[in-house]
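Engineer:
Protein chains: 2
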Amino acid sequence: MNGTAEAGASASSPPSLRAAAEEVNFVFLEGVDVPAAVSTGASSSSPTARQAPADGAFSSWTNVLLRRSDESHTWRHRLAHALRHLGIPQPVPYLTRLVSFLTLLGVVAALFIFLIDLAVHGIEAARNQLRQLVHPALGFGLYLLSAVALCLLSTFWCATLSKEAEGSGLPQMKSILSGFYDRMKDALKVRVLFAKALGLICAIGGGLPVGWEGPNVHISCIIAHQLYRIPFFRELKRDRSLRLQTLAAACAVGLASSFGAPVGGVLYSIETMASFYLVQSFWKGVMCALAGAMIYDLLYTTPLVEAFEGTTFDPQDVGRVQIFLYAALGVLMGLLGALFICCVRGIYEMRMRRYPGTNRYFLVGAVATVSALVQYPVRLFALDPRAAINDLFRAVPLKMTDNFGWIELVSLPIVKFLLVAVSLGLPLPAGIFIPSFLIGAGCGRLFGEVLRLVFGAAVVPGTYAVVGAAAFTAGVTRALSCSVIIFEVTGQLRHMVPVLVAVLLAVIVGNAFNRSLYDTLVLMKQLPYMPILRRDRRPDMTVEEVMRRIDSTPCLFPDLGAADVQRLLEKFPDQPMLPVTDRSGVLLGAVSRRVLVARCQEARDGRSNGTDEVAFTMLDASEGDEDIDGAMEEARVGAPSSAPLADLTYRKQQQQGGRRSEGVVLPCDVSPLQVADYTLLRQLHFMFVMLMPHAAYVTKQGRLVGIVQREDLVQCGAVPES
Amino acid sequence: MNGTAEAGASASSPPSLRAAAEEVNFVFLEGVDVPAAVSTGASSSSPTARQAPADGAFSSWTNVLLRRSDESHTWRHRLAHALRHLGIPQPVPYLTRLVSFLTLLGVVAALFIFLIDLAVHGIEAARNQLRQLVHPALGFGLYLLSAVALCLLSTFWCATLSKEAEGSGLPQMKSILSGFYDRMKDALKVRVLFAKALGLICAIGGGLPVGWEGPNVHISCIIAHQLYRIPFFRELKRDRSLRLQTLAAACAVGLASSFGAPVGGVLYSIETMASFYLVQSFWKGVMCALAGAMIYDLLYTTPLVEAFEGTTFDPQDVGRVQIFLYAALGVLMGLLGALFICCVRGIYEMRMRRYPGTNRYFLVGAVATVSALVQYPVRLFALDPRAAINDLFRAVPLKMTDNFGWIELVSLPIVKFLLVAVSLGLPLPAGIFIPSFLIGAGCGRLFGEVLRLVFGAAVVPGTYAVVGAAAFTAGVTRALSCSVIIFEVTGQLRHMVPVLVAVLLAVIVGNAFNRSLYDTLVLMKQLPYMPILRRDRRPDMTVEEVMRRIDSTPCLFPDLGAADVQRLLEKFPDQPMLPVTDRSGVLLGAVSRRVLVARCQEARDGRSNGTDEVAFTMLDASEGDEDIDGAMEEARVGAPSSAPLADLTYRKQQQQGGRRSEGVVLPCDVSPLQVADYTLLRQLHFMFVMLMPHAAYVTKQGRLVGIVQREDLVQCGAVPES
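Sequences listed follow chains Z and C, in order. Letter by letter, the first sequence follows residues 1 to 722 in UniProt numbering. Letter by letter, the second sequence follows residues 1 to 722 in UniProt numbering.
#1: What does DSSP give as the partner residues of C:K700 in its beta bridges?
#2: Of the choices Z:M294, Z:A338 and Z:Q322, whose alpha-carbon is the least far from that of Z:V454?
#3: On the three-state DSSP scale, how would you describe C:G462?
#4: Under a three-way DSSP split, which group does Z:M687 fall into?
#5: Indicate whether at least one CB of chain Z lies closer than 9 Å to the CB of C:T160.
#6: Which runs of the alpha helix (DSSP H) spanning at least 4 residues fall entirely within the region 310-356 of chain C, listed in chain order?
#7: Report the residues of the region 482-504 of chain C with a CB closer than 9 Å to any CB of chain Z, ordered along the chain.
#8: Which bits of chain Z does C:M333 rub up against, with CB to CB less than 8 Å?
#9: In whole angstroms, what is the alpha-carbon distance linking C:R394 and C:L500?
#10: Would you list, in sequence order, the uninterrupted alpha helix (DSSP H) runs of no fewer than 4 residues that lie entirely inside the region 410-462 of chain C?
#11: Which residue spans inside the region 124-172 of chain Z form an unbroken beta strand (DSSP E) run of at least 3?
#12: For the beta strand (DSSP E) holding C:Y376, just list the boundary residues, first then last.
#13: Establish whether the CB of C:T473 and some CB of chain Z are separated by less than 9 Å.
#14: Taking Cβ positions only, does C:A274 come closer than 9 Å to chain Z?
#15: Do three or more CB pairs link the region 192-203 of chain C to the region 423-432 of chain C at distances below 8 Å?
#16: Would you say Z:M294 reaches chain C, if we count a Cβ-Cβ gap shorter than 9 Å as a contact?
#17: How should Z:P356 be labelled, buried or exposed, when 16 other C-beta atoms within 10 angstroms of its C-beta is the threshold for buried?
#18: Do C:T358 and C:A147 come within 9 Å of each other at the CB atom, strictly closer than that value?
#19: My output table needs one value for C:V675: the three-state DSSP class, helix, strand or coil.
#20: Which residues in the same chain have their Cβ closer than 8 Å to the Cβ of Z:M184, if we skip the five residues on either side of it in sequence?
#21: State yes or no: is the beta carbon of C:T358 nearer than 9 Å to at least one beta carbon in chain Z?
#22: How far does the beta strand (DSSP E) with C:T581 in it extend, from its first residue to its last?
#23: So, Z:V279 versus Z:P262, is the Cβ gap smaller than 9 Å?
#24: Mind checking which residues open and close the alpha helix (DSSP H) that includes Z:F233?
#25: Shortest alpha-carbon distance to Z:L588 belongs to which of Z:A506, Z:Y697 and Z:E545?
#26: In chain C, what lies closer than 7 Å to Z:Q701 by C-beta?
#27: Could you list which residues in chain Z have their beta carbon closer than 9 Å to that of C:A676, in chain order?
#28: For Z:V614, which of helix, strand or coil comes out of DSSP?
#29: What separation, rounded to the nearest whole angstrom, lies between the Cα atoms of C:V364 and C:L150?
#30: DSSP three-state label for C:S13, please.
#31: Taking buried to mean at least 16 other C-beta atoms within 10 Å of its own C-beta, is C:H135 buried or exposed?
#32: Whole angstroms is fine: what's the gap from C:L590's alpha carbon to C:A327's?
#33: So, does the region 465-484 of chain Z touch the region 500-518 of chain Z, judging by three or more C-beta pairs under 8 Å?
#34: Output the boundary residues of the alpha helix (DSSP H) element that contains Z:A590.
#35: Does the separation of the CB atoms of C:Q492 and C:F313 fall below 9 Å?
#36: Between Z:Y348 and chain C, is any beta-carbon pair separated by less than 9 Å?
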């Protein structure tokens, strides 16, 4: 088969060229089989042709490359392979593992989130009781003191356990899901889970107006990542694409369990975290979120915690003529959302610029004090946000509720807007969704009440609160699925059209001013990300302008000595994958740096054996060691999803001739992403987003001329930096 | 820039190879600039170096390739380009066009769909009146006669206007959206629109139990395609990715306007038609669907047509303990859904095998007669499906409704199941969703009524009807978003958890037996499609096993004569794009066949001028003709989304020397998708799904050795055929 292709390719070339091509092949073959001969300048009739004739060697090399090495070489895998060949299904089919994983993840995450909520509720109840039982002044003192103490404790957990737990957590997950798993792995450790949970309980318990859906997403992802450790599920982690899909499902369950909104949770996680979505992973998200939502459904009907109540609007409550008023509210909320993002960023950057070294405890203590002082006097402010939102959503007119009046209604959005904008930059766990929801509900209710004064009883302010909540949250997060979440939270769809119109307008208006809060947080925290290429920015930029040039021998050859490899590793300290080429520069594959370093170390250690000449060569690696599993997995991380891996064997060459199979196996991704040097940058960007490779190798007439890593796309000027 | 890269690449090669590489380059340069010199075997010191020195020529060639040619060369585009350079925004920004397009599309499609519904309603009302006014026997005769006449008329429209209008239409759109736009363009013509609309009105009016959501999707897509013709929107069509996104939005509005379900419509269109989804196109779908849903909201509250009524279940109607019963219903519906698909396929294949040449009128007439005979006696059967579904969804117990009793309830699912399975294979427009909905509602209601007999009044059969409708439809279409559609149709979310559980189970159970009905229809009608690679089927297959080999000169060289080009075109009649390589086989780009044929024709026509030596060469093409717009657009269709296009100039070479710029411009995609020959097939499949290229070019050590087209992936054994 290879022979025909070769013959075909060379038949069409002119004689001189064909000769050249043959020579290239020959050199290449020599490189494969008898490396030392090439370096000493041996002719094509080298004596080594004896033990491995050119053609045979070539095809055997190709066979080695073709050998599928996705499975590891343990007896268990061999058994499974044999069984599969006989048509007998494997002991535990893949689907069973996946379904059990998703269900378990949904249940565990929902229970964990419920426990956090229970703790928060306990603290809130205790503090409110404290406030009512004792003397007012003493009560206030205790309230203030407990607020500051809890908030300090919250940031303490983050400082001691893990700083990764600070902030929403959703931006980190966004970074992981857009392909930066390797660099963000630390955010998925168990200690982060505890820091996040404890910090969240203290922060919300301490009265800071922060949300819990972002931290919940983070917590769910950590739980998923820890569940992979169970041997039964280990297989799921190995497949990179599946790992990302299960992490996306974890994000969905985090959101679903925060609101009891399975569909909205899945959609919201898609919109805020992904650039594209595989339809085959939709059911995974829904299944996981549904398991979580069923637990929510069971637990949140107990009076142990606060929960959203359904609304009970009549059909005529949502007037069809009022659609323009709802639309106006949507536009207004889009503007306010954009302003909110500016405020969050402005406050954070001002603090960083003017007071860069401020002590975290001082900072948190000050905000906690202000928050307690401002929120103490008004009952609506101090309420659990869900209870406050329930009040605002009610169809009952203002004068008939005893929970709030005009003063509370006017001050609520203003106070919360500022407090939340400040709190989001603090070094403690802090979500965005619920505070936005509350601010939006407040604004909407106020808007509705004003309209009611103008237009009379046809206006039901509660519906404006619902629309406002969805629209403001959409203006902040730029997610259309805020509408679906609000449908699920309110349990009604009477207000579908107004909510959708307002949400759509809020997103469009908001996008005209700045990017979503999550994107802004990614930038603020300098997380790695894959930005969106804008249509109007340098559309004619090519890959060549961005790539890192291959100036001189930066590639591994099959016959490179150990010392050369060592030099190479030192010269390119930031390349996690090193390309392998033949002598003429034609790309053969890529090898993981970590594996290479380990092998170099081994080679150095073995130098005492007599010779220090070490060379890479291709060899059938079925006799490879067990260690290959880990090494291959390592290599696959950076490869486009489920890339084939061949084995480069790396053996000690003590003398010429005598093929030894004592070599150590070096896993090699043999089909890395390859693009031409004049490919448009936006095409490459699309490939990076869709295929999530670690790096792309740029070739010019078949030869490797450069490498583009994910980071290069961010660093080049073609992507919007703010 | 090029110089450095070149030097770097060659510095690492051994001397002999470097010489070879230089020679390759030289040949290549010659090929570019003085094609004739190469064919006569000129040395590197050829006289042609005079008018274009090697190095300069190389970089100028590269510059030509780099020249961005996405925009066309009309004065309008140049003006826009100049304005953009000066920082002045273009007269009409892209977003304005897009938003107006989406809104217009939504409104027009919804109105068109409403008009169809109005016509159907008129026919139904007339026929029902006919039945009641006259003598029973005469009434029956007229009813039967009108049914047969209308159904025959329906298939007549399809036969005379366009056969593309037959069937659901959704499978065709699926085919288009998965990248087969070129081959399916005919399905988007105006005559298909009329055939589909008239055929649909007659078929439903004639009493056949077919749905309208698939035809509505098709109609919306045709409307979108025709709206592109408006000059204001023409720009949107040019961008391939945007065209697909707007077509996806059209699918969403087709569904949304069929049920008044904007969110469900968007999700359903994603799930049934896409393999992956760009998040940035989500808002486009929602916006378009929302415009449609607002029109629906306005029009369907009029008594002119039937509409879905909201349900009014109490919270306690959906018992939490009954979740296992709902789950059992879901499993049952999954099984029935799979059986339904088997029946549809079985009936169609039996007819094709046993009675291949049956006259379409005989076939339709027979089915229409049976349908009228069976459905006439029972009022529930003859009702508009929406009215029947409303009846079945009601929370009122069986004995208290006067619309149906046990007999109707038992016979409804059986009769409709068989009738729908037969009707779906007929040569007339026929949707799937609404009939499935009705069958599911019937089954669910029956299941609920039986449970009520067993468990007593705690069971509300209406909720089972709702769950059954969603689950059976999900079992047939394998779309989880059937649940969202049912939430929007019923206007309630009380039954969220039961519906989701049942739908999820139905999809999983159904998938264990066969593929979705839409996928089955794609196979039955032999439409081009990009199938899903299954995990367990030959995971180690490589690209090499699938590709079409390049055996002998199948590629265009820059210096190929017109006669050679002609031979090439004849030899490879099925290649819509032809690869361009240099003499040594290194891939340079790809050229559209249609453009090439046209240019060959021109060259032949111009032969009388004296010489018949025609050669391709690269030239700056800014003096190219206006025709380039169309030609480039043509080339871009097959290229990965928004590929860069360079221009290959194809000029008449009357004698050596003397650079002429009278040439005709040949647009060339200079960065087609390139993969190594040992790439795993499943990797390539992923690239085809995500990047939607027309073809992938397989290289081995930089040289082109094969081509893989979309069709090859379908034809190779690695994909499930049934």
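Ideal Cβ positions, reconstructed from N, Cα and C, are used throughout, including at glycine.
Structural biologist: From the atom records:
#1: Taking the second sequence and counting its residues from 1, one reaches residue 700 of chain C at position 700. DSSP lists C:R703 as partners of C:K700.
#2: Against the first sequence, residue 454 of chain Z aligns to sequence position 454. It is Z:Q322.
#3: Counting from one through the second sequence, the residue named residue 462 of chain C turns up at place 462. Three-state result, C:G462: helix.
#4: Translated into the one-based positions of the first sequence, residue 687 of chain Z becomes position 687. In this structure, Z:M687 counts as helix in the three-state DSSP scheme.
#5: The residue you call residue 160 of chain C lines up with position 160 of the second sequence. C:T160 does not count as touching chain Z.
#6: 323-354
#7: S483, V484, F487, E488, T490, G491, Q492, L493, R494, M496, V497, L500, V501, V503 and L504
#8: Looking up residue 333 of chain C in the second sequence gives position 333. By Cβ distance, chain Z contributes nothing, its closest Cβ being about 16 Å from C:M333, past 8 Å.
#9: Locating residue 394 of chain C in the second sequence gives position 394, counting from the first residue. Locating residue 500 of chain C in the second sequence gives position 500, counting from the first residue. If you take the alpha carbons of C:R394 and C:L500, they lie about 20 Å apart.
#10: 433-455
#11: none
#12: Taking the second sequence and counting its residues from 1, the one referred to as residue 376 of chain C is at position 376. Note, C:Y376: premise wrong, no beta strand (DSSP E); not H, not E.
#13: Position 473 of the second sequence, counted from the first residue, corresponds to residue 473 of chain C. It does not: the Cβ of C:T473 has no partner Cβ on chain Z nearer than 9 Å.
#14: Walking along the second sequence from the start, residue 274 of chain C turns up at place 274. Cβ-Cβ to chain Z under 9 Å: yes for C:A274.
#15: yes
#16: If you number the first sequence from 1, residue 294 of chain Z lands on position 294. Yes, Z:M294 lies at the interface with chain C (some Cβ there is under 9 Å from its Cβ).
#17: On the first sequence, residue 356 of chain Z is found 356 positions in, with the first residue counted as 1. Exposed, by the Cβ-count rule.
#18: Taking the first residue of the second sequence as 1, we reach residue 147 of chain C at position 147. Taking the first residue of the second sequence as 1, we reach residue 358 of chain C at position 358. Cβ distance not < 9 Å, so C:A147 and C:T358 don't count as in contact.
#19: Here residue 675 of chain C is taken as the residue at index 675 of the second sequence, counted from 1. In the structure shown, C:V675 sits in a strand (DSSP, three-state: E or B).
#20: One-based indexing of the first sequence puts residue 184 of chain Z at position 184. The residues are Q172, S175, I176, L527 and P528.
#21: On the second sequence, position 358 is the one that residue 358 of chain C refers to. Output row for C:T358: interface = no.
#22: Here residue 581 of chain C corresponds to residue number 581 of the second sequence, with the count starting at 1. M577 to T581 is the extent of the beta strand (DSSP E) around C:T581.
#23: On the first sequence, residue 279 of chain Z is found 279 positions in, with the first residue counted as 1. On the first sequence, residue 262 of chain Z is found 262 positions in, with the first residue counted as 1. No, these two residues do not count as a Cβ contact at 9 Å.
#24: Residue 233 of chain Z sits at position 233 when you count from the first residue of the first sequence. Segment: none, Z:F233 is in no alpha helix (DSSP H) and carries neither H nor E.
#25: As a first step, residue 588 of chain Z is located in the first sequence; it is residue number 588 there, counting from the start. When each option's Cα is compared against that of Z:L588, the closest is Z:Y697.
#26: In the first sequence, counting from the first residue as 1, residue 701 of chain Z sits at position 701. Here the neighbours are V586 and G702.
#27: By one-based count along the second sequence, residue 676 of chain C stands at place 676. Under the 9 Å cutoff, chain Z gives L587, L588, G589, V670, S671, P672 and Q674.
#28: Indexing the first sequence from 1 puts residue 614 of chain Z at position 614. In this prediction, Z:V614 has a pLDDT of 45, which is less than 50 and means its spatial position is unreliable; what the coordinates show is noted afterwards. Z:V614: strand per DSSP, three-state reduction.
#29: Residue numbering aside, residue 364 of chain C sits at position 364 when the second sequence is read from its first letter. Residue numbering aside, residue 150 of chain C sits at position 150 when the second sequence is read from its first letter. Rounded to the nearest angstrom, the two C-alpha atoms are 10 Å apart.
#30: What you label residue 13 of chain C is simply residue 13 of the second sequence in a count that begins at 1. Reliability of the predicted coordinates at C:S13 is poor, the pLDDT of 34 falling under 50, and no value is obtained from them.
#31: Against the second sequence, residue 135 of chain C aligns to sequence position 135. C:H135 comes out exposed.
#32: Counting from 1 along the second sequence, the entry for residue 590 of chain C is found at position 590. Counting from 1 along the second sequence, the entry for residue 327 of chain C is found at position 327. Note on residue identity: the sequence assigns Ala, not Leu, to residue 590 of chain C. For C:A590 and C:A327, the distance between alpha carbons rounds to 54 Å.
#33: yes
#34: Your numbering for residue 590 of chain Z matches position 590 in the first sequence. From DSSP, Z:A590 is part of no alpha helix (DSSP H) but of the beta strand (DSSP E) over L587 to S592.
#35: One-based indexing of the second sequence puts residue 492 of chain C at position 492. One-based indexing of the second sequence puts residue 313 of chain C at position 313. Cβ atoms of C:Q492 and C:F313: closer than 9 Å.
#36: Translated into positions along the first sequence, residue 348 of chain Z becomes position 348. Judged by the 9 Å Cβ criterion, Z:Y348 is not in contact with chain C.
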